[in-house]
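Novice: Using UniProt numbering, you'd call the opening residue of the sequence shown number 200 and step up by one each time. Yeah, the Cβ is synthetic: ideal placement off N, Cα and C, and Gly gets one too. Have a look at this one.
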Amino acid sequence: QCIAVCPTGALVELDQVDKVWKALNDPNQFVVVQTAPAVRVALGEGFGLEPGTIVTGKMVAALRRLGFDRVFDTDFAADLTIMEEATELVHRIQHGGRLPLLTSCCPAWVKFFEHQFPDLLDIPSTCKSPHEMLGVLIKSYYAKTLGIDPKNITVVSVMPCVAKKYEAARPELAQGAETADVDIVITTRELARMIREASIHFDHLKDQEFDHPLGESTGAAVIFGATGGVLEAALRTAYEVLTGDTLEKVEFEALRGMDGIKEAVIPIAGRDYRIAVIHGLGNARSVLEKIQAGEINYDVIEIMACPGGCIGGGGQPYHHGNMEILAARAAAIYREDRAKPLRKSHENLAIKGLYKDYLGEPYGKKAHQLLHTTYTGRKKI
Ligand code: SF4
Numbered sequence: 200q201c202i203a204v205c206p207t208g209a210l211v212e213l214d215q216v217d218k219v220w221k222a223l224n225d226p227n228q229f230v231v232v233q234t235a236p237a238v239r240v241a242l243g244e245g246f247g248l249e250p251g252t253i254v255t256g257k258m259v260a261a262l263r264r265l266g267f268d269r270v271f272d273t274d275f276a277a278d279l280t281i282m283e284e285a286t287e288l289v290h291r292i293q294h295g296g297r298l299p300l301l302t303s304c305c306p307a308w309v310k311f312f313e314h315q316f317p318d319l320l321d322i323p324s325t326c327k328s329p330h331e332m333l334g335v336l337i338k339s340y341y342a343k344t345l346g347i348d349p350k351n352i353t354v355v356s357v358m359p360c361v362a363k364k365y366e367a368a369r370p371e372l373a374q375g376a377e378t379a380d381v382d383i384v385i386t387t388r389e390l391a392r393m394i395r396e397a398s399i400h401f402d403h404l405k406d407q408e409f410d411h412p413l414g415e416s417t418g419a420a421v422i423f424g425a426t427g428g429v430l431e432a433a434l435r436t437a438y439e440v441l442t443g444d445t446l447e448k449v450e451f452e453a454l455r456g457m458d459g460i461k462e463a464v465i466p467i468a469g470r471d472y473r474i475a476v477i478h479g480l481g482n483a484r485s486v487l488e489k490i491q492a493g494e495i496n497y498d499v500i501e502i503m504a505c506p507g508g509c510i511g512g513g514g515q516p517y518h519h520g521n522m523e524i525l526a527a528r529a530a531a532i533y534r535e536d537r538a539k540p541l542r543k544s545h546e547n548l549a550i551k552g553l554y555k556d557y558l559g560e561p562y563g564k565k566a567h568q569l570l571h572t573t574y575t576g577r578k579k580i
């Protein structure tokens with residue numbers, strides 16, 4: 200394990216490539232990898248492809264070549280997150296719970312919140328982030344299916360994010376199974392390096408598909424990678440659950456784009472939902488301070504630390520603030536969504552099967568035990 204240091208020495212990034220090679224070379228370990236939505240629209244840049252090139256099939260093929268025993272999609276768990284988070288929102292509204300509900304899939308945002316707003320710890324959603332949800336399911340449900348001791352399974356997450364490395368080490372994220380939900384996190388850049396180290400000709404690879412069933416996903420899950428995507432995905436499901444009608448136009452344009460703070464009022468089943476989408480922690484602080492002071496009210500807020508959301512994450516190929524690169528990655532995310540036969544999380548057949556066979560009801564007892572978490576108030580810094 201070595202540490203990569205930024206030129207000023209102000210930031211360090213834990214390099215875990217060696218740990219992944221070690222797991223892959225251990226005959227006693229069944230090594231499962233999962234990839235976040237934003238990775239597939241940026242990984243190609245590490246091989247000279249244009250920003251916004253979608254390389255999902257080549258990425259899966261490369262991961263199999265590297266020796267992973269299963270290649271799953273964090274998008275599956277993004278659909279699961281929507282099932283849990285949309286149900287949590289409806290539950291809070293119907294039972295007089297505290298609002299706004301804040302999304303919780305960005306660990307940099309969660310850590311910031313724990314330090315800066317410890318008096319508001321009851322408002323973030325209790326949902327784990329998608330890769331942690333998938334990790335715990337691999338170590339419990341999937342381990343049982345295969346008859347493998349979870350201690351002999353290594354879960355590797357490929358993320359656009361350096362904060363996910365810290366998140367995977369949080370002690371409360373090791374409670375749902377016998378071992379940590381996720382064992383190792385590498386970034387998009389680290390994966391590109393591994394592919395080069397293995398002398399794989401990335402651009403010559405033939406497309407392959409994710410393994411089943413934890414590789415099934417909808418368009419709603421893909422858009423998690425761009426700012427506004429989590430709430431757009433949640434609305435696609437909440438609308439149909441609350442109205443019983445089919446949502447014909449699934450795009451919520453008001454939640455898209457690169458404005459730091461976007462607001463919308465969306466009427467569903469006779470109630471107006473006040474929504475905000477924020478990226479950048481400075482923007483998040485200003486909105487949270489107004490909420491603290493009772494100056495503004497929302498029902499639900501999506502917050503992502505990085506510019507543009509995860510497409511602009513700290514683990515992605517460097518973009519140096521180039522907005523054209525971020526726009527090309529975002530456009531690719533929305534192209535991938537449009538190309539999916541299913542675009543609403545609750546239509547994911549593998550998710551339906553998982554609830555039926557294993558989890559029970561969304562936001563129910565077993566789902567809580569495995570898929571939800573807690574937060575800790577920390578010293579203000
Ligand atoms: Fe990580 Fe940035 Fe995405 Fe947050 S917005 S999860 S810090 S990549």
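Taking only heavy atoms of the ligand SF4 into account, decide whether any of them is closer than 7 Å to the Cβ of P516.
Specialist: Reading the sequence shown from its first residue, position 317 is the one you call residue 516. Checking every heavy atom of the ligand SF4 against the Cβ of P516, none is found closer than 7 Å.
Novice: Any heavy atom of the ligand SF4 closer than 7 Å to the CB of residue 594?
Specialist: The shown model of the chain, from 200 to 580, leaves out residue 594, and the question about it has no answer.
Novice: Using 8 Å as the Cβ pair cut-off and three pairs as the minimum, do the stretch 300-311 and the stretch 460-467 touch?
Specialist: No, they do not touch.
Novice: Please report the residue range of the beta strand (DSSP E) in which I233 lies.
Specialist: Here the question's residue 233 lines up with position 34 in the sequence shown. Strictly speaking, residue 233 in this sequence is Gln, with Ile absent from that position. Per DSSP, Q233 belongs to the beta strand (DSSP E) from 229-234.
Novice: Using 7 Å as the cut-off, classify the Cβ of M457 as near or not near the heavy atoms of the ligand SF4, replying yes or no.
Specialist: Here the question's residue 457 lines up with position 258 in the sequence shown. The answer is no for M457.
Novice: Measuring straight from C-alpha to C-alpha, what distance separates V232 and G493?
Specialist: In the sequence shown, the residue the question calls residue 232 occupies position 33. In the sequence shown, the residue the question calls residue 493 occupies position 294. Whole-angstrom Cα-Cα distance: 44 Å.
Novice: Under a Cβ-count criterion, where at least 16 other Cβ atoms within 10 Å of its own Cβ denotes burial, should Y562 be classed as buried or exposed?
Specialist: Sequence index remark: in the sequence shown, residue 562 carries index 363 (1-based). Its Cβ being crowded by 16 or more others within 10 Å, Y562 is buried.
Novice: Just to be sure I understand the criterion: a residue counts if its Cβ is closer than 5 Å to at least one heavy atom of the ligand SF4. Which residues meet that?
Specialist: C305, A307, P359, C360, A362, M503, A504, C505, C509, G512
Novice: In chain order, what residues of the same chain lie with their CB nearer than 6 Å to the CB of K364, ignoring the 5 residues before and after it?
Specialist: The sequence position of residue 364 within the sequence shown is 165, counting from 1. The beta carbon of K364 is closer than 6 Å to those of L213, V384 in its chain, skipping five residues each way along the sequence.
Novice: Can you tell me which residues form a DSSP beta bridge with D402?
Specialist: As a working mapping, residue 402 is identified with position 203 in the sequence shown. D402 is not bridged to any residue.
Novice: Could you check what DSSP says for R297 in three-state terms: helix, strand or coil?
Specialist: As a first step, residue 297 is located in the sequence shown; it is residue number 98 there, counting from the start. Coil, per DSSP.
Novice: With DSSP collapsed to three states, give me the class of R534.
Specialist: In the sequence shown, the residue the question calls residue 534 occupies position 335. Here R534 sits in helix by DSSP.
Novice: Excluding sequence positions up to five away, which residues of its chain have a Cβ less than 7 Å from the Cβ of A529?
Specialist: Taking the first residue of the sequence shown as position 1, residue 529 is located at position 330. Answer for A529: A425, G507, I510, listed in chain order.
Novice: How is R395 classed by DSSP in three states: helix, strand or coil?
Specialist: On the sequence shown, position 196 is the one that residue 395 refers to. Helix at R395.
Novice: Cα separation between A531 and M522?
Specialist: The residue given as residue 531 occupies position 332 in the sequence shown. The residue given as residue 522 occupies position 323 in the sequence shown. Distance between the alpha carbons of A531 and M522 is about 14 Å.
Novice: Within 10 Å of its beta-carbon, does D278 have 16 or more other beta-carbons around it, so buried, or fewer, so exposed?
Specialist: Translated into the one-based positions of the sequence shown, residue 278 becomes position 79. Buried, because 16 or more other Cβ atoms sit within 10 Å of the Cβ of D278.
Novice: How big is the Cα-Cα spacing for G576 and D402?
Specialist: As a position in the sequence shown, residue 576 is number 377, starting the count at 1. As a position in the sequence shown, residue 402 is number 203, starting the count at 1. Going by the C-alpha atoms only, they are around 47 Å apart.
Novice: Got a sec? Which residues, its chain only, sit under 6 Å from I337 by beta carbon, not counting five neighbours each side?
Specialist: Position 138 of the sequence shown holds residue 337. Excluding residues within five positions, the ones whose Cβ falls inside 6 Å are V231, V354.
Novice: Rounded to whole angstroms, how far is the Cβ of I474 from the Cβ of V440, which I believe are closer than 8 Å?
Specialist: The count along the sequence shown starts at 1 and reaches residue 474 at position 275. The count along the sequence shown starts at 1 and reaches residue 440 at position 241. That belief does not hold up - the Cβ atoms of I474 and V440 are roughly 16 Å apart, past 8 Å.
Novice: Do E366 and V216 have their CB atoms nearer than 8 Å?
Specialist: Along the sequence shown, one-based indexing puts residue 366 at 167. Along the sequence shown, one-based indexing puts residue 216 at 17. Between E366 and V216, the C-beta spacing is not below 8 Å.
Novice: Under the three-state reduction of DSSP, which class applies to Y557: helix, strand or coil?
Specialist: Here residue 557 refers to the residue found at position 358 of the sequence shown. Looking at Y557 - three-state DSSP - the assignment turns out to be helix.
Novice: Which residue comes first and which comes last in the beta strand (DSSP E) that contains I465?
Specialist: As a working note, residue 465 is residue 266 in the sequence shown. Segment 460-467, the beta strand (DSSP E) holding I465.
Novice: Give the range of the alpha helix (DSSP H) segment to which H330 is assigned.
Specialist: Residue numbering aside, residue 330 sits at position 131 when the sequence shown is read from its first letter. Counted as a single uninterrupted DSSP element, the alpha helix (DSSP H) harbouring H330 occupies residues 329-336.
Novice: Exposed or buried, what is N547 when buried is set at 16 or more other beta-carbons lying within 10 Å of its beta-carbon?
Specialist: Taking the sequence shown and counting its residues from 1, one reaches residue 547 at position 348. Buried, by the Cβ-count rule.
Novice: Measure the C-alpha to C-alpha separation of I524 and L248 and round it to an integer number of angstroms.
Specialist: Numbered from its first residue, the sequence shown carries residue 524 at position 325. Numbered from its first residue, the sequence shown carries residue 248 at position 49. Their Cα atoms are separated by approximately 12 Å.
Novice: What first and last residue would you give for the beta strand (DSSP E) that runs through residue 167?
Specialist: This structure cannot settle anything about residue 167, because the visible part of the chain is limited to 200 through 580.
Novice: With a threshold of 16 other CB atoms inside 10 Å of the CB of P370, please say whether the residue is buried or exposed.
Specialist: Walking along the sequence shown from the start, residue 370 turns up at place 171. So P370 ends up on the exposed side.
Novice: Starting from I490, trace the alpha helix (DSSP H) both ways and give me its first and last residue.
Specialist: The residue labelled residue 490 in the question sits at position 291 within the sequence shown. Counting along the chain, the alpha helix (DSSP H) containing I490 begins and ends at 480-491.
Novice: Where does V270 sit, in a helix, a strand or coil, going by DSSP?
Specialist: On the sequence shown, position 71 is the one that residue 270 refers to. V270 falls in the strand class under three-state DSSP.
Novice: For S485, does the count of other Cβ atoms within 10 angstroms reach 16, so buried, or fall short, so exposed?
Specialist: As a first step, residue 485 is located in the sequence shown; it is residue number 286 there, counting from the start. Looking at its Cβ environment, which holds fewer than 16 other Cβ atoms inside 10 Å, S485 is exposed.
Novice: In this structure, does DSSP put Y574 in helix, strand or coil?
Specialist: Here the question's residue 574 lines up with position 375 in the sequence shown. Y574: coil per DSSP, three-state reduction.
Novice: Do G346 and P516 have their CB atoms nearer than 8 Å?
Specialist: Position 147 of the sequence shown, counted from the start, is the residue given in the question as residue 346. Position 317 of the sequence shown, counted from the start, is the residue given in the question as residue 516. Contact: no.
Novice: Since M457 is in the alpha helix (DSSP H), which residue starts that stretch and which ends it?
Specialist: Against the sequence shown, residue 457 aligns to sequence position 258. Segment: none, M457 is in no alpha helix (DSSP H) and carries neither H nor E.
Novice: Near A362, which residues of its chain fall below 6 Å by C-beta distance, leaving aside the five closest residues on each side in sequence?
Specialist: Taking the sequence shown and counting its residues from 1, one reaches residue 362 at position 163. Taken in chain order, the residues that qualify are P306, A307.
Novice: Could you work out which residue in Q568, G559, A373, P540 is closest to V449 when comparing CA atoms only?
Specialist: If you number the sequence shown from 1, residue 449 lands on position 250. Ranking Q568, G559, A373, P540 by Cα distance to V449 puts P540 first.
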